[in-house]
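According to the UniProt record's numbering, the sequence shown is numbered sequentially starting from 1.
Backbone N, C-alpha and C define an ideal beta-carbon position, used for all residues, glycine too.
Encoded as structure tokens, the structure appears first; notes follow it.
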Amino acid sequence: MELPHAVENLIHLRYLDLLKCNEVLLETIYNLCNLQYLKITQASDSVFTKLPQGIGKLINLRHLVGKNFLIPRGIGRLISLRALKCFSISDEDSEGCKLGELKNLNHLQGSFEIHGLGNVVDESEAENAQLKKKIHLREMILSFRKGKDRGWRDAWFPYAVDPNDRRMERDVLVLNALEPPQDLEQLNIRWYQGTTMSPNWLMSLTKLKRVSIVSATKLMSLPPFGKFALLESLTIRNVCSLEKVGVEFLGIESENKKVDIIFPNLRYLGFAWLEEWEEWIGIGGKEDADCITIMPRLQRLEIHGCGKLKSLPNFLHTIPLNELEIAGCPIINERCQRETGEDWHTISHIPIINLKENSYFPKFW
1 MELPHAVENL IHLRYLDLLK CNEVLLETIY NLCNLQYLKI TQASDSVFTK LPQGIGKLIN
61 LRHLVGKNFL IPRGIGRLIS LRALKCFSIS DEDSEGCKLG ELKNLNHLQG SFEIHGLGNV
121 VDESEAENAQ LKKKIHLREM ILSFRKGKDR GWRDAWFPYA VDPNDRRMER DVLVLNALEP
181 PQDLEQLNIR WYQGTTMSPN WLMSLTKLKR VSIVSATKLM SLPPFGKFAL LESLTIRNVC
241 SLEKVGVEFL GIESENKKVD IIFPNLRYLG FAWLEEWEEW IGIGGKEDAD CITIMPRLQR
301 LEIHGCGKLK SLPNFLHTIP LNELEIAGCP IINERCQRET GEDWHTISHI PIINLKENSY
361 FPKFW
């Protein structure tokens, strides 16, 4: 539908809710200088709404609610903005929004997604976003997919990485420069193309409860997530180059194994479609096993589509798991067969064990 021209004259309007607004918004909407709440609902999730170029004139706007916005330059002027779910970065040839527009949006609250981080060509642009000052944010999704990111559905499908593109090096620098606020509770990183993930701010996020690493196809090692005392849920999915998960994942340095509890609050751990994953290494000898407690509250462990994984870690028998699900992992399935499997003694204490020949999740779920 189209907005009636009379709307532009409602200069005292504070609340505007547009239903099934699939057309480009009238440029005259920026005359509504007292508008505080703007909600736009599309007819379908596949429809994009192009916000007007003059959106930056709505200086009193606090809530911009909706999905699939094409955000123009100038939104950085909305310094009173508290609710903006998604921010998409345009490619370098576009006249659209850049990451630096976020610099002064320090009142953003709740959940926030940044799409198109693969379009960032200079880490100084990421640093200029000043994410660390968005202290009211509790959940962040950082998507490094290039081009026009269509949102979470893009995580279903892979895309080609240009071998001549310096994406791997650039993504490492950009991630390091982003630095989310320290009170963050949920972090989701998608389509990151670096081979390592060790930004200098990661361990400062001591309040993290939920973490997902999705489609980081070049990543070859995992961060020391075991050090996060409040972490409750961890999902690692489509990390196609990862071959080994070792003690570094637990947060144990080889020179210092004097750690009492690792993953003290983890309830859920999921691995899916790690195509090259072969080894999940446990801890050392009996002495190490006796002095270290690992995942004492873990309730559910899922392993899907990890066809090369050879065995389960030796510490699994000490974890009070309630449910174990293994699907599409032929080697592990064979080793976990009741009574006869080589790893049966490691999992026999678990009340619910589901061993399935095929993963019921699509590869890019």
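- Taking each of 19, 42, 56 and 205 in turn and checking the Cα distance to residue 33, the smallest one comes out for 56.
- In the displayed model, residue 269 falls within a strand according to three-state DSSP.
- With respect to the 9 Å criterion, residue 316 and residue 332 are not classified as neighbours on the basis of their beta carbons.
- Inter-residue distance for residue 98 and residue 327 is about 42 Å (C-alpha atoms, whole angstroms).
- The beta carbons of residue 220 and residue 204 sit about 23 Å from each other, so the pair does not count as a contact at 8 Å.
- With contacts defined as CB atoms closer than 9 Å, residue 208 and residue 179 fail to qualify as a contacting pair.
- For a cut-off of 8 Å, the C-beta gap from residue 142 to residue 189 is around 5 Å, short enough to register as a contact.
- A direct Cα-Cα distance of roughly 32 Å separates residue 38 from residue 214.
- Counting only the Cα atoms, residue 74 lies some 7 Å from residue 54.
- The beta carbon of residue 136 is closer than 7 Å to those of 107, 108 and 109 in its chain, skipping five residues each way along the sequence.
- In terms of CA proximity to residue 276, 218 leads the group 320, 250, 218 and 299.
- Residue pairing for residue 15: DSSP places it in a beta bridge opposite 37.
- Looking only at 85, 171 and 105, the smallest Cα-Cα distance to residue 119 is reached by 171.
- For residue 280, DSSP records a beta bridge to 245.
- Between the alpha carbons of residue 40 and residue 64 lies a gap of roughly 8 Å.
- Sequence-distant partners of residue 299 (beyond 5 residues in either direction) whose C-beta falls short of 8 Å from its own C-beta, in its chain, are 267, 268, 321, 322 and 323.
- Secondary structure note for residue 304: its beta strand (DSSP E) is the uninterrupted segment 300-304.
- DSSP places residue 330 within a helical segment (H, G or I) once states are collapsed to three.
- Residue 112 sits close to residue 86, with the two beta carbons spaced by under 9 Å.
- Per DSSP, residue 113 lies in no alpha helix (DSSP H) segment; the continuous beta strand (DSSP E) that holds it begins and ends at 110-115.
- C-alpha of residue 17 to C-alpha of residue 36: approximately 11 Å in a straight line.
- Proximity to residue 225 across 30, 250 and 105 peaks at 250, based on C-alpha coordinates.
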